[in-house]
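Shown next, in structure tokens, is the structure this report addresses.
Number of protein chains: 2
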Amino acid sequence: MALNPAEAPLRKLMGPGPMDIHPRVYRALTSPVIGHMDPAYFKILDQVGEGLRKVFQTQNRVTHATPGTGTSGMEACVANLMEPGDQVLACVHGYFGDRIRQMAERQEAEVTVIEGEWGKPTEPEKVAEAFKANAYKVITVVHAETSTGVLQPMDDIVSLAKEHGVMILLDTVTSLGGVELKADEWGLDAAYSCSQKCIGCPPGLAPVTFSDRAVEAARNRKHPIRSWYLDITLLDQYWGSTRVYHHTSSSTLNYALLEALLLIEEEGLQNRFERHLRNHQALVAGVEAMGLEMLVKPEHRLPTLNTIRVPEGVDEAKVRGYLLETFNLEIGAGLGALAGQVWRIGLMGYSSSVENVLFFLSAISRALAIQDYKTDLSAGSEAAMSLLNA
Amino acid sequence: MALNPAEAPLRKLMGPGPMDIHPRVYRALTSPVIGHMDPAYFKILDQVGEGLRKVFQTQNRVTHATPGTGTSGMEACVANLMEPGDQVLACVHGYFGDRIRQMAERQEAEVTVIEGEWGKPTEPEKVAEAFKANAYKVITVVHAETSTGVLQPMDDIVSLAKEHGVMILLDTVTSLGGVELKADEWGLDAAYSCSQKCIGCPPGLAPVTFSDRAVEAARNRKHPIRSWYLDITLLDQYWGSTRVYHHTSSSTLNYALLEALLLIEEEGLQNRFERHLRNHQALVAGVEAMGLEMLVKPEHRLPTLNTIRVPEGVDEAKVRGYLLETFNLEIGAGLGALAGQVWRIGLMGYSSSVENVLFFLSAISRALAIQDYKTDLSAGSEAAMSLLNA
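As given, the protein sequences belong to chains A and B, one line each in that order. Per the working numbering: the first sequence = residues 8 to 397. Per the working numbering: the second sequence = residues 8 to 397.
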């Protein structure tokens, strides 16, 4: 009656996450389960914190992984930083920016939204205007919008927030570990990510970092933090030196996360960013040489998640179904406002590889041919190869 | 630079959880990571729901595992069932009953507490009095108080709640899969547990079940559910037939949970309860024959978690340290009001075994001897053996 391996198929994961993981991370998953209050486990947790500080590029003491998926990290940041009546400026240009807005409203913050076009970043001019018009406590920004494949330029927003003394809450779900991200240099007050994308671990944990100022603000709220599970002042007591029991930390997932962080350290953060960028550029070159079109302009493209427009007349769901059935290949559908209009191709962590780029080009070319949509695979492959120095 | 196996020691886990897991569950952890929207994965999630319905003994459609540790299940039940101003009766006779109270207060429910003695269950007479004095929406009860080792008799409370039309929110963290639990027969409206105790999976997931009445109430609240992450109406859309994306479900943990549930089905629920009871009785017989004392009276003892009083003059932390260092054996310390006064010995899931009972008696006898506290191990072992038919 055991789990039938045939029911757990071996996919090639090239959607918006989760991603394929390194064999060493699989091995780490089978480390013996250990107690959450074991002195040996505290050393593991400390190493996880240390590794995450390196990828967040921060000295923040409160840097760890909340016990849930990426969305638990989002909720931790929102629920701790916002309380009823707080003035919040939400930059929304995709599904996840809007999810933050929804969470902020559930905290009864007073939310002003800068609505942006899906597929473009938020314009700093609009942030400047908003900051002039009102005093905000927090601005929420999505660094890497997983629904659109847009990388938000940070410099102007960072300067404006500093100038106006506004706290920055940043979504780094699809950037942490794959794209340059400087939590301290940017003066981030709260940022969250997930374990299963550029970090290269299975889903189930959400890396987070909180500035000292954010932790202090959480300690001095007028209203209690509504989430007990994600209360950063309680989590800090468990993660920090006092080691007060809070929840039964999943050693299984934290061992895997640590192994993934050690792999990042071995590769080197800059080398990793370059690998993600190179494979992204090769994929885009191939896709465009084949006559397909990217959603996002070159200067705002996220190297980790590529959004390709569905050509007119093509049944996009049929393409995804064909790829899954024929090649065990998962790619992502459009989400929210982009449903039916784009495919989302993830090249993150272990999955950002030359073989995945070339495999994808061949597979999509075939999937489109089945629907009588002709692409020039030779041209696509050659364009990709030239950027891969192959 | 890989994770050093020496840093991930192989313990024998006999604390309050996590527990050792079956080799088949370790194997399931290394099932290939799969996408959270993959049709093949939806079949796995459906099987997880089916398996959990069997251990909860319920037909509740909304029966699944929230994406976090047991405390995420507690927060899901509290945050969905309670809104500001709701009248809530909280039965508190231990650390976890009090944690529910704290969560309820963060939801701004009007909480009345029945404070009970730690080590005894809540008296139904007090519930009857409270129900006469006030109209409550929800009563919160801890079926198996992990901090004290008390099993709450349910019959009277169940009748009273039915009579007064009060919803029951039940903590089954240390009972689900190890002790009789009849969600439908008892008319539970919300119950939660964890993956790592009697269920036999690593930590990271929280089995939950919600009655149709509870889901309906969550849909018709006056105030939005404060947690987006644990909003049962959103989770239901992902777990249910509409399959709307909500969070990136951890296939790793859900494969492991499914394998653990299949092991339960193979053993048979009643056989499993009997095994937990037999090993508990043997442990208690051994402990008492050795001259040690249990905290809880026989009629209220939880078969899954045994609280032993620390004998006078014994340094309890030194005993735990010795067991961990010498035998790699983890047992639990007292929590909250019982800190320093008891040890907590878990016999749950795969860890509820004859060998663990006998190993523990030998090890604790030695640990006490080091502190010049003499126990009669021969008598203890013989008493245990006689109940194990050995």
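Cβ coordinates follow ideal geometry from the N, Cα and C atoms, glycine included. Quantities reported herein were computed from a predicted structural model and do not represent experimental measurements.
Closer than 8 Å to chain A by CB, residue i
i         : result
Glu277(B) : A quick correction: the sequence has Gln, not Glu, at residue 277(B). Not closer than 8 Å to any Cβ of chain A, the Cβ of Gln277(B) fails to qualify, so no.
His254(B) : yes
Asp27(B)  : yes
Asp45(B)  : yes
Thr179(B) : no
Arg250(B) : no
Pro209(B) : yes
Cys84(B)  : no
Thr78(B)  : yes
Lys50(B)  : yes
Gln203(B) : yes
Pro4(B)   : Since the first residue shown for chain B is 8 and the last is 397, residue 4(B) is missing from the structure and cannot be characterised.
Tyr245(B) : no
Arg31(B)  : yes
Thr314(B) : no
Thr259(B) : yes
Ala72(B)  : no
Lys42(B)  : Sequence check: residue 42(B) is Gly here, not Lys. By this cut-off, Gly42(B) is an interface position.
Pro231(B) : yes
Residue burial classification, residue i (beta-carbon count within 10 angstroms, cutoff 16)
i         : result
Asp196(A) : buried
Gly247(B) : exposed
Ala397(B) : exposed
Glu57(A)  : exposed
Gly77(B)  : buried
Pro30(B)  : exposed
Thr255(B) : buried
Leu96(A)  : buried
Ser358(B) : buried
Thr129(B) : buried
Glu337(A) : buried
Arg226(A) : exposed
Chain B within 8 Å of residue i, Cβ atoms only
i         : result
Leu39(A)  : A quick correction: the sequence has Pro, not Leu, at residue 39(A). Yes, Pro39(A) counts as interfacial toward chain B.
Trp235(A) : yes
Lys381(A) : no
Tyr357(A) : no
Leu183(A) : no
Leu58(A)  : Going by the sequence as given, residue 58(A) is Gly instead of Leu. Output row for Gly58(A): interface = no.
Glu90(A)  : no
Ser369(A) : no
Ala221(A) : no
Gly156(A) : no
Ala35(A)  : yes
Gly298(A) : no
Short Cβ contact (8 Å threshold) for residue i with residue j
i         : j         : result
Phe138(A) : Leu177(A) : no
Met44(B)  : Tyr199(B) : no
Thr311(B) : Thr216(B) : no
Gln114(A) : Pro91(A)  : yes
Leu302(B) : Gly156(B) : yes
Leu73(B)  : Leu59(B)  : At residue 73(B) the sequence reads Thr, which differs from the Leu that was named. Taking 8 Å as the Cβ cut-off, Thr73(B) and Leu59(B) do not qualify as a contacting pair.
Tyr236(B) : Ala15(A)  : no
Leu395(B) : Arg285(B) : yes
Lys127(A) : His307(A) : yes
Val145(B) : Val173(B) : yes
Asn67(B)  : Ile232(B) : no
Val118(B) : Glu124(B) : no
Ala289(A) : Val364(A) : yes
Cβ separation of residue i and residue j, assumed to be a contact under 8 Å, to the nearest whole Å
i         : j         : result
Phe201(B) : Gly80(B)  : Note on identity: in this sequence residue 201(B) is Cys, with Phe being the wrong assignment. Between Gly80(B) and Cys201(B) the Cβ distance is about 7 Å, and since that is below 8 Å, they are a contact.
Pro25(B)  : Gln203(B) : 4 Å
Leu368(B) : Ser388(B) : 6 Å
Asn313(B) : Ile352(B) : 4 Å
Val62(A)  : Leu276(A) : 7 Å
Tyr102(A) : Gly343(A) : 4 Å
Gly42(B)  : Gly207(A) : Contact flag wrong, Cβ pair sits at about 16 Å.
Ile315(A) : Val349(A) : 6 Å
Ala335(B) : Leu17(B)  : Residue identity check: residue 335(B) is Asn in the sequence provided, not Ala. Sure, about 6 Å apart at Cβ, within 8 Å.
Within 9 Å of chain A by C-beta, residues of the region 336 to 352 of chain B in sequence order: Glu337, Gly339, Ala340 and Leu342
Residues from the region 92 to 112 of chain A in contact with chain B, defined by Cβ distance under 8 Å: Arg106, Gln109, Met110 and Glu112
Chain B contacts from the region 8 to 20 of chain A (Cβ-Cβ distance under 7 Å): Met8, Ala9, Leu10, Glu14, Ala15, Pro16, Leu17, Arg18 and Leu20
Members of the region 262 to 276 of chain A near chain B, C-beta cut-off 7 Å: Tyr262, Leu265, Glu266, Leu269, Glu272 and Glu273
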